[in-house]
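The structure under discussion appears below in the form of structure tokens.
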Amino acid sequence: MYPANTTYHRAGSVAEAVQLLADNEGAKVLAGGHSLIPAMKLRLAAPQALVDIGHIAALRGISLEGGSLVIGALTNFATIASSELVQANAPVLAEATGVVGDPAVRNRGTIGGNVSHGDPASDPPTALTALGATYNVSGPGGERSIAASDFPTGLLENALQDNEILTGVSVPALAPGSGSAYVKFPHPASRYAVVGVAAIVASQGGSCSSASVVIGGVETTPTRASSVEAALVGSDLGNDALDAAAAAVAGDFTGDPMSDIFASDEYRRAMAAVYLRRALGIAASRAG
Amino acid sequence: MKLKVPVEITINGKSCSGEVEPRQLLVHFIRENAGLTGTKVGCDTSQCGTCTVVLDGSTAKACTVLTVQASGSSVTTIEGFADGANLHPLQEAFWNNHALQCGFCTPGMIIAADAILRNNPSPTREEIRQGLEGNICRCTGYQNIVRAVEQAAETMGGG
Ligand SMILES: Cc1cc2nc3c(=O)[nH]c(=O)nc-3n(C[C@H](O)[C@H](O)[C@H](O)COP(=O)(O)OP(=O)(O)OC[C@H]3O[C@@H](n4cnc5c(N)ncnc54)[C@H](O)[C@@H]3O)c2cc1C
Ligand code: FES
Ligand code: FES
């Protein structure tokens, strides 16, 4: 399969990339290409120009700055999953990036490309939303940041304006005593998430002091499970409490449902409750 | 629209240059421009792994990389594994363990297996299976492939 032809422009810096996007009508950013090239082969995308940001070294890397992890947009999944900084400060993100596709996909796919593409079957956005991450953006109007929860605006749509580029994600480090887990029901052929659950709970003196639970794959954008969170806080995080909290999820699916030949919307909701219960069990066992 | 752009890629230590359309996939540059047909095209949808090569030190599915993206980079294909007539220990182990039947998946399997052993010289069976997750074999049932990787790990000093 050959994509439609296009022109190619390699950017040496973020400023140059922003300028190249402005100068080339119908241009698209190319990072790892692991969502864009498949879409171009199917002619679901046929950008007139490609602005390759894949060689901008400044967009690659992981650091801890003032209590937050800062991960460059071009950092690949393999690097994030194996990073000791990420494992120590945001283990749920290490887990979610570690189960993306397969090893070769994890070498090429980037966190910025994954988040920008906004596929509801993606793993990292679910974990980043649960962690309360913010996305750093650079464009013709300067720099700004967008909360992970405000970034996706619909199926494969996001809050980026024309000629804006995602430069990285900032992830607040988990508080000591928190337990977290990412649990995924992978599609048996593609390995994308049919359902993915990110759960973070903190416990103090035997009682749950805070909870953040986000579910991917059921709706067009990640779902915050507010009823589940409300049921968890103040509970003892025992099995009965986790059963009751997981059962509360039914009321949280109020957005646009996902459905396809493999999994109907009803099946996805049913599986979400099952995988949610597993995620809560693991997160609770790691808390305290 | 300027249709062709110059590219230069080091493949198995040798510089290969050409003028290509930006839409050309790396796997086609390797096979058609460089004439190295060990790297196969199977699914063409990043699922099967037979097009796997080493790109700047880590594995990549060459059906999902544009040639232009790889310009200036270095690539190792299956042709870069044997040292003259001496097979690489993984090639030797695949041969000895009957780890191939039609052989179509083998170039990608060996390159994925090599990546496993470079990161982890003594992998468990489960780790080998996880490392080969992105490579599909329609013939062997995988048992002998896993055995071959275990044997190569031993001969290469891990195991
Ligand atoms: C076989 C296979 C299996 C996969 N399995 C999974 C899985 O299990 N879970 C999962 O989450 N994902 C999966 N993926 C998707 C993969 O993770 C992609 O790499 C990722 O979604 C996109 O990242 P990229 O760097 O390749 O982006 P690209 O494909 O280069 O770009 C994707 C989109 O984002 C835009 N973009 C890229 N970077 C930026 C930026 N910095 N700023 C603004 N816009 C940008 C591009 O213009 C394009 O529209 C799979 C992919 C394949 C091929
Ligand atoms: S041909 Fe590239 S993964 Fe199948
Ligand atoms: S030997 Fe035939 S596909 Fe693996």
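As you go down the protein sequences, you meet chains R and X in turn.
Last residue of the first sequence? That's 288 in this note's numbering, and every number before it is there in order.
Last residue of the second sequence? That's 447 in this note's numbering, and every number before it is there in order.
Every residue gets a Cβ at the ideal spot worked out from N, C-alpha and C, and that includes glycine.
Closer than 7 Å: residue i CB and nearest ligand 3 heavy atom
i	result
leucine 388 of chain X	yes
phenylalanine 392 of chain X	yes
cysteine 208 of chain R	no
arginine 417 of chain X	no
cysteine 425 of chain X	yes
threonine 327 of chain X	no
threonine 428 of chain X	yes
Cα-Cα separation between residue i and residue j, rounded to whole angstroms
i	j	result
alanine 211 of chain R	alanine 198 of chain R	11 Å
glycine 372 of chain X	threonine 340 of chain X	22 Å
aspartate 236 of chain R	isoleucine 398 of chain X	50 Å
glutamine 439 of chain X	histidine 34 of chain R	33 Å
lysine 349 of chain X	serine 334 of chain X	6 Å
asparagine 423 of chain X	phenylalanine 392 of chain X	11 Å
glycine 496 of chain X	glycine 396 of chain X	Beyond the ends of chain X as shown, which are 289 and 447, falls residue 496 of chain X; an answer cannot be given.
valine 171 of chain R	leucine 354 of chain X	31 Å
aspartate 243 of chain R	cysteine 208 of chain R	15 Å
alanine 230 of chain R	glycine 238 of chain R	15 Å
serine 361 of chain X	alanine 46 of chain R	26 Å
alanine 127 of chain R	lysine 292 of chain X	41 Å
glycine 26 of chain R	asparagine 163 of chain R	10 Å
isoleucine 215 of chain R	threonine 347 of chain X	31 Å
arginine 269 of chain R	phenylalanine 151 of chain R	23 Å
lysine 328 of chain X	tryptophan 383 of chain X	19 Å
alanine 273 of chain R	leucine 232 of chain R	15 Å
isoleucine 56 of chain R	leucine 280 of chain R	39 Å
glycine 118 of chain R	glycine 445 of chain X	44 Å
glutamate 157 of chain R	threonine 221 of chain R	9 Å
alanine 130 of chain R	alanine 403 of chain X	32 Å
leucine 64 of chain R	alanine 78 of chain R	18 Å
leucine 405 of chain X	valine 437 of chain X	8 Å
asparagine 24 of chain R	glycine 139 of chain R	15 Å
Residue i: CB within 7 Å of a non-hydrogen atom of ligand 1
i	result
proline 310 of chain X	no
histidine 34 of chain R	yes
isoleucine 53 of chain R	yes
histidine 316 of chain X	no
valine 194 of chain R	no
serine 346 of chain X	no
isoleucine 282 of chain R	no
histidine 376 of chain X	no
threonine 110 of chain R	yes
histidine 9 of chain R	no
lysine 41 of chain R	no
leucine 166 of chain R	yes
proline 38 of chain R	yes
alanine 133 of chain R	no
arginine 277 of chain R	no
glycine 113 of chain R	yes
lysine 28 of chain R	yes
glycine 66 of chain R	no
serine 116 of chain R	yes
arginine 269 of chain R	no
aspartate 119 of chain R	yes
leucine 160 of chain R	yes
serine 305 of chain X	no
serine 190 of chain R	yes
alanine 73 of chain R	yes
serine 122 of chain R	yes
alanine 31 of chain R	yes
glycine 101 of chain R	yes
glycine 105 of chain R	It is valine, not glycine, that sits at residue 105 of chain R in the sequence shown. Yes; taking the cut-off as 7 Å, the Cβ of valine 105 of chain R has a heavy atom of ligand 1 nearer than that.
Anything with a beta carbon under 6 Å from a heavy atom of ligand 2 counts; list them all in chain order.
X:Val329, X:Gly330, X:Cys331, X:Asp332, X:Ser334, X:Gln335, X:Cys336, X:Gly337, X:Thr338, X:Cys339, X:Lys349, X:Cys351
Check whether the segment 291 to 310 of chain X touches the segment 255 to 262 of chain R, taking contact to mean three or more Cβ pairs, one atom from each stretch, closer than 8 Å.
no
Counting Cβ pairs closer than 8 Å, one from the segment 95 to 104 of chain R and one from the segment 413 to 430 of chain X, do we hit at least three?
yes
Count the C-beta pairs between the segment 144 to 160 of chain R and the segment 189 to 209 of chain R that are closer than 8 Å, then say yes if the count reaches three, no if not.
no
Three CB pairs or more closer than 8 Å across the segment 48 to 67 of chain R and the segment 372 to 382 of chain X:
no
Check whether the segment 67 to 77 of chain R touches the segment 110 to 129 of chain R, taking contact to mean three or more Cβ pairs, one atom from each stretch, closer than 8 Å.
yes
Length at least 4, wholly inside the segment 202 to 286 of chain R: the alpha helix (DSSP H) runs in chain order
226 to 232, 239 to 247, 265 to 286
Assess, as a yes-or-no matter, whether the segment 82 to 97 of chain R is touched by the segment 4 to 13 of chain R under the definition of 3 or more beta carbon pairs within less than 8 Å.
no
Just list the beta strand (DSSP E) runs in the segment 96 to 141 of chain R, keeping only unbroken ones of 3 residues or longer that don't cross its boundaries, in chain order.
134 to 139
Entirely within the segment 329 to 408 of chain X and at least 3 residues each: give me those beta strand (DSSP E) ranges in chain order.
340 to 343, 346 to 349, 362 to 364
Indicate whether the contact test is met: 3 or more Cβ pairs, each with one atom in the segment 311 to 318 of chain X and one in the segment 120 to 129 of chain R, closer than 8 Å.
no
At which residue ranges does the segment 169 to 202 of chain R contain complete beta strand (DSSP E) runs of 3 or more residues, listed in the order of the chain?
178 to 186
Which runs of the beta strand (DSSP E) spanning at least 3 residues fall entirely within the segment 143 to 170 of chain R, listed in chain order?
152 to 154
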